[in-house]
Structure formats: C-alpha cells, structure tokens
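Visitor:
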C-alpha cells in the first residue's frame, strides 16, 4: 500500500478537524436573549445588583461626611440623605414615564422602565465614585 502524499494527509487532517471546528464556531447562547421574559428576568437581576452597588457607595459617602456642619447645613449627612431620597423618587417617576411612553404591553412597559432605571443607576454610581469636592 502506498503512503499518502503530503497534500492527501493535509486534506485528511482538515476533514478530521471539521466537526471540532463546527462546534467551536457555534455562537454562545446568551440565556438573557432567549425570550422577552428571560431578558426581563436578567434585567431585574442586573438592576438589583446595580442598586446594591449604589447603596454601598451611598453608605460609604455618607460615612465620609460630618453629621452636620455648623457653618452650612448643606454639607452634612442630612443633605445627602435628602438628595438620595429625591434621586430615588426621580428615578421611579421618570422611568415609569419612560416605560409608559415607550412600552406597549405591561411587560414592555416594565422592560423599558427597567432599562431606564439601570441607566440612571449607573449615572448615580458614577456620581458616588467621583463625588463633588469643595474647598
């Protein structure tokens, strides 16, 4: 029996690798992209994690402030508490509006509102990571 020539061996090698290459090229399935309901669940988990991160950053910022400043009440913890409460109310109402305007069914309204909340929460986290500084 003749030994296969180099080009024949190369063809055999490439053909034997085809099944492995086909498996390797299959796209990774994103569980959040399987359905609208799956996406909404993933969005909810992302929002929960983002809110927890903002809460940690808020508590850290609160701890760095004096309880009060005799010269200016706007520099104390109570001002940040009021600002955080106002921010939460803003996000709730603004994103409910955005969801209502953009959405159709209840699930879409919830989805758009959740996406809005996630964006606003990311902005708030950035605020706490780079807080305003004064003299």
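Numbering (the numbering used here), first residue to last: 23 to 157.
Ideal Cβ placement from N, Cα and C applies to all residues, glycine included.
Predicted model only: the values in this text are computed from it and were never measured.
Does the region 111-122 come within contact of the region 86-93, defined as at least 3 CB pairs closer than 8 Å?
Guide: These segments do not touch.
Visitor: For residue 76, collect the residues of the same chain with a Cβ closer than 6 Å to its Cβ; drop the 5 residues on either side in sequence, then sort them by chain order.
Guide: The residues are 143, 146, 147.
Visitor: Ordered along the chain, which non-local residues of its own chain (more than five positions away) have a Cβ less than 7 Å from that of residue 84?
Guide: Cβ neighbours of residue 84 beyond the five flanking positions: 99, 102.
Visitor: Buried or exposed: which applies to residue 133, given that a residue is buried once 16 or more other Cβ atoms fall within 10 Å of its Cβ?
Guide: It is buried - the Cβ of residue 133 has at least 16 other Cβ atoms within 10 Å.
Visitor: Cβ of residue 137 within 7 Å of Cβ of residue 69?
Guide: Cβ distance not < 7 Å, so residue 137 and residue 69 don't count as in contact.
Visitor: Given that a residue counts as buried once 16 or more other Cβ atoms are within 10 Å of its Cβ, and exposed if not, what is residue 135?
Guide: Burial call: buried.
Visitor: When the distance is taken between beta carbons, is residue 62 closer than 7 Å to residue 54?
Guide: No, Cβ-Cβ distance for residue 54 and residue 62 is not below 7 Å.
Visitor: Whose C-beta lies closer than 8 Å to the C-beta of residue 82 among residues of the same chain, with five residues either side of it excluded?
Guide: Within the same chain, residue 82 has close Cβ partners 150.
Visitor: Here's the rule: buried if 16 or more other CB atoms are within 10 angstroms of the residue's CB, otherwise exposed. What is residue 121?
Guide: Buried, since its Cβ has 16 or more Cβ neighbours within 10 Å.
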